[in-house]
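Residue numbers (this note's numbering): 3 to 133. No residue lacks a Cβ here, since even glycine has one placed at the ideal position from N, Cα and C. No experiment lies behind these values; they were computed from the predicted model shown. A short write-up of the structure that comes next.
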Amino acid sequence: MILLDTHVWLRWLNVGSGPLPTALVDLIEEAEAVSVSAVSVWEAAWLVRGGRVELRATWEDWLQIALHEAGVDVEPMTESIASRAAWLPIHHRDPADRFIIATAIETDSRLVSLDATFPLYTELAGGLVQA
């Protein structure tokens, strides 16, 4: 299974800041299972609400397309993910990204991200995919 970072998810759906590299698009579209963390749903909503991301549909309609029609599952927040996020090294101060990293570790998923800080997390142990 692959887990998409929020910004990869948005860019894959042509909502973020430009298209994804072709290699990442191919990886996502060929994966057996694609998911996002529940915190990515919150983060996307927060970006839309704050005007940093514009949608061509209502939030509810977009979410239906971005999850169900795109074949993306949502990994729920669990106590083990929350605990893991708190105890990760503080390479990244963004709590949403720490939850996403913890979700990838706890679900044994390959994490697809373009974030330059993510490689500092040795806990991802080869499970990080970047362009």
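Query                                                                                                                                                                 : Result
Spatial neighbours of A106 within its chain, please: C-beta separation below 7 angstroms, excluding the five flanking residues on both sides.                         : L5, L113, L126, G129
Check whether the Cβ atoms of I102 and D7 sit closer than 7 angstroms, and answer yes or no.                                                                          : yes
Return the first residue and the last residue of the beta strand (DSSP E) that I4 is part of.                                                                         : 4-6
Classify S82: buried if its beta carbon has 16 or more other beta carbons within 10 angstroms, exposed otherwise.                                                     : exposed
For S85, count neighbouring C-beta atoms within 10 Å of its own C-beta (all shown protein chains included) and say buried if the count is 16 or more, exposed if not. : exposed
Cβ of P78 within 7 angstroms of Cβ of A40?                                                                                                                            : yes
Please report how far the alpha carbon of V131 lies from the alpha carbon of S115, in whole angstroms.                                                                : 6 angstroms
So, are the CB atoms of W11 and V38 less than 7 angstroms apart?                                                                                                      : yes
Select from L22, S42, T109, R100 the residue whose C-alpha is nearest the C-alpha of L69.                                                                             : S42
Using a Cβ-Cβ cut-off of 7 angstroms (strictly less than) and excluding sequence neighbours within five positions of G73, which residues of its own chain qualify?    : V36
Give the C-beta separation of A98 and E45 to the nearest angstrom, bearing in mind that I take them to be a contact with Cβ-Cβ under 8 angstroms.                     : 5 angstroms
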